[in-house]
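The structure under discussion appears below in the form of C-alpha cells.
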Amino acid sequence: MQIIRDEVDKRSRISSWSKLGSPFINKLYLDAVIDIESVIKNSQTRMWKALKAKPEFRISLSETQTILEKFVDSKINLVILHIDLVDSTRMSMTLSIDKLSAIIRAFAEETSSIISMYGGYVLKYVGDAVLAFFVIEDESGADRENQKNITNNDAVAPYSLQSSNAIGCAYTMIQVIQKGINPILNQYDYPELKVRIGIDFGEIGVVQYGIDIDKLDGKAILTRPHIDMIGPTISIAVKMTSIAKPDQIVIGQKLYDMLEDTPKKTFKRISGISNIWDYANRIGEGKYNLYGSL
C-alpha cells in the first residue's frame, strides 16, 4: 500500500501529488512519497473481493491503545479527523444488510489503511464513520508529552508539517473513493459513495474506562486498560463533518492557522452558517471560523 522511495527526483514527487488532486506539495513528502495510483488500484481489488465474498476485516486497534497508554489521565494536543459516508441511510433502504455491511466494512478498511499510511491512528468506528487522530511531534520527532502547555503562538512549523499529513490523508481518502471504490460499485449498479470530512486541532483528555480482558477456555490470559478520548475538539470535528458538502473537507480555525501558506490557499472560509454553527472561538475572539476545501 505504501511505497517509500528514498531517492526520487523532484519531478516525480510533483507528479505523485498532481495525481492526488491536491494542489499543494508538502515538503515533508520529499522524504516519503505515497504512490496514489497503487493505493487506488489496491482499493479496487479489495472492493471487488468484498462484493464477491465476505470481506476479511484485518484492522487492529491495539496500536492505538498502546500509543494512548502513555498519555492516560493527561491532556494532549492532537489533530482529530472524522470521516463519514453521505446518505448511508438511503443506502440502507435500498441494499440488503449483507451488501450494505460489505460496502461499509470495505470503506472502513480503506480509510483505516490510508490513515495509517499518513501516520495517523484509528480511535474507533461509529456506524458508517471513522474517528482518527494524528500525534503532533516536535522537531526531534519525539512525542510532545508536554503538549498541554502549547499556546496559539506555538502552533507554527514544525507542527504545520504534521497537520498537513491529516490534510493529505483526507484528500487521498476522497481520491480512493472516487477513483478506486466507486468504479467497482458502478459495475454492480450500486450507489456511489461520497464522504464528508472534518478535521481540527486541539486539547484532548485521555481517559481509561475499565479494562479489556482476553480469555482462553474461560480463563483470563491478558488484561489491558480500555482507553478513550474526551474533549471539545472531538465534538467540534464531528459537528464540522455534518456541515461539509459531499466529498469536501472542513477544517477549524486552529488547524487552519497551523498550515503553511500554500495549503491554506486550498481552503476558503465558510460563511452563512451562524444558524447551525454556534461554537464560540476557543481563544475568546468571537465565533470559531471554519474553512472548506475548494
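Per this note's numbering, the sequence shown starts with residue 99, numbered consecutively. All C-beta atoms in this analysis are idealised placements derived from N, C-alpha and C, irrespective of residue type, glycine included. Bear in mind the structure is a predicted one, so any value in this text is a computation, not a measurement.
Around the Cβ of residue i, are there at least 16 other Cβ atoms within 10 angstroms (buried) or fewer (exposed)?
{"i": "Leu392", "result": "exposed"}
{"i": "Arg294", "result": "buried"}
{"i": "Asp226", "result": "buried"}
{"i": "Met145", "result": "buried"}
{"i": "Gly278", "result": "buried"}
{"i": "Leu159", "result": "exposed"}
{"i": "Ser211", "result": "buried"}
{"i": "Ala151", "result": "exposed"}
{"i": "Gly266", "result": "buried"}
{"i": "Asn175", "result": "buried"}
{"i": "Ile371", "result": "exposed"}
{"i": "Asp312", "result": "exposed"}
{"i": "Leu118", "result": "Bear in mind that a pLDDT of 37 at Leu118, under 50, signals an unreliable position, so the number given afterwards is only what the model happens to contain. Buried, because 16 or more other Cβ atoms sit within 10 Å of the Cβ of Leu118."}
In angstroms with no decimal places, state the Cα-to-Cα distance between residue i and residue j.
{"i": "Tyr354", "j": "Val177", "result": "11 Å"}
{"i": "Gly329", "j": "Gly303", "result": "6 Å"}
{"i": "Lys168", "j": "Asp359", "result": "34 Å"}
{"i": "Glu161", "j": "Trp375", "result": "34 Å"}
{"i": "Ser194", "j": "Met356", "result": "44 Å"}
{"i": "Ala148", "j": "Asn140", "result": "12 Å"}
{"i": "Thr331", "j": "Lys173", "result": "12 Å"}
{"i": "Gly350", "j": "Arg203", "result": "28 Å"}
{"i": "Gln276", "j": "Leu291", "result": "8 Å"}
{"i": "Lys385", "j": "Val336", "result": "17 Å"}
{"i": "Met338", "j": "Leu314", "result": "43 Å"}
{"i": "Pro289", "j": "Pro344", "result": "14 Å"}
{"i": "Ile368", "j": "Val233", "result": "27 Å"}
{"i": "Ile201", "j": "Gly217", "result": "25 Å"}
{"i": "Leu221", "j": "Gln285", "result": "33 Å"}
{"i": "Gln273", "j": "Ile132", "result": "13 Å"}
{"i": "Tyr307", "j": "Pro323", "result": "7 Å"}
{"i": "Ile319", "j": "Asp310", "result": "11 Å"}
{"i": "Glu243", "j": "Met191", "result": "Bear in mind that the predicted position of Glu243 carries a pLDDT of just 43, short of 50, making it too unreliable to give a figure here."}
{"i": "Thr143", "j": "Tyr377", "result": "42 Å"}
{"i": "Leu283", "j": "Gly316", "result": "42 Å"}
{"i": "Asp287", "j": "Asp196", "result": "16 Å"}
{"i": "Glu135", "j": "Ile213", "result": "16 Å"}
{"i": "Ser340", "j": "Pro361", "result": "23 Å"}
{"i": "Met327", "j": "Val305", "result": "6 Å"}
{"i": "Glu301", "j": "Leu229", "result": "16 Å"}
{"i": "Thr364", "j": "Asn387", "result": "16 Å"}
{"i": "Ser186", "j": "Gln163", "result": "29 Å"}
{"i": "Asn379", "j": "Met215", "result": "32 Å"}
{"i": "Arg156", "j": "Asn280", "result": "22 Å"}
Under 8 Å by Cβ, that's how I've got residue i and residue j pegged, so tell me the actual separation to the nearest angstrom.
{"i": "Leu198", "j": "Met189", "result": "6 Å"}
{"i": "Ile181", "j": "Thr209", "result": "6 Å"}
{"i": "Ala206", "j": "Tyr223", "result": "6 Å"}
{"i": "Ala264", "j": "Gly296", "result": "Between Gly296 and Ala264 the Cβ distance is about 11 Å, and since that is not below 8 Å, they are no contact."}
{"i": "Thr321", "j": "Val137", "result": "The pair is not a contact, with the Cβ atoms about 37 Å apart (cut-off 8 Å)."}
With a threshold of 7 Å (Cβ to nearest heavy atom), would residue i be considered close to the ligand SAH?
{"i": "Lys277", "result": "No copy of the ligand SAH occurs in the structure displayed, which carries no ligand at all."}
Beta carbon of residue i, beta carbon of residue j: below 8 Å?
{"i": "Val184", "j": "Ile325", "result": "no"}
{"i": "Lys366", "j": "Tyr389", "result": "yes"}
{"i": "Phe299", "j": "Ser261", "result": "yes"}
{"i": "Ile334", "j": "Ala268", "result": "no"}
(message) In chain order, what are the residue ranges of uninterrupted alpha helix (DSSP H) at least 4 long that sit wholly in the stretch 264–290?
(response) Within the stretch 264–290, the complete alpha helix (DSSP H) runs of at least 4 residues fall at 280–285.
(message) At 3 residues or longer, what runs of the beta strand (DSSP E) sit wholly inside the stretch 315–342?
(response) For the stretch 315–342, whole beta strand (DSSP E) runs of length 3 or above, ordered along the chain, are 317–328.
(request) Would you mind listing the beta strand (DSSP E) stretches within the stretch 342–377 that are 3+ residues and don't spill past its ends, in chain order? (result) Within the stretch 342–377, the runs of beta strand (DSSP E) at least 3 residues long that lie entirely inside it are, in chain order, 346–350 and 365–367.
(message) Restricting to runs no shorter than 3 residues, where is the beta strand (DSSP E) found entirely within the stretch 134–183?
(response) Runs found: 172–183.
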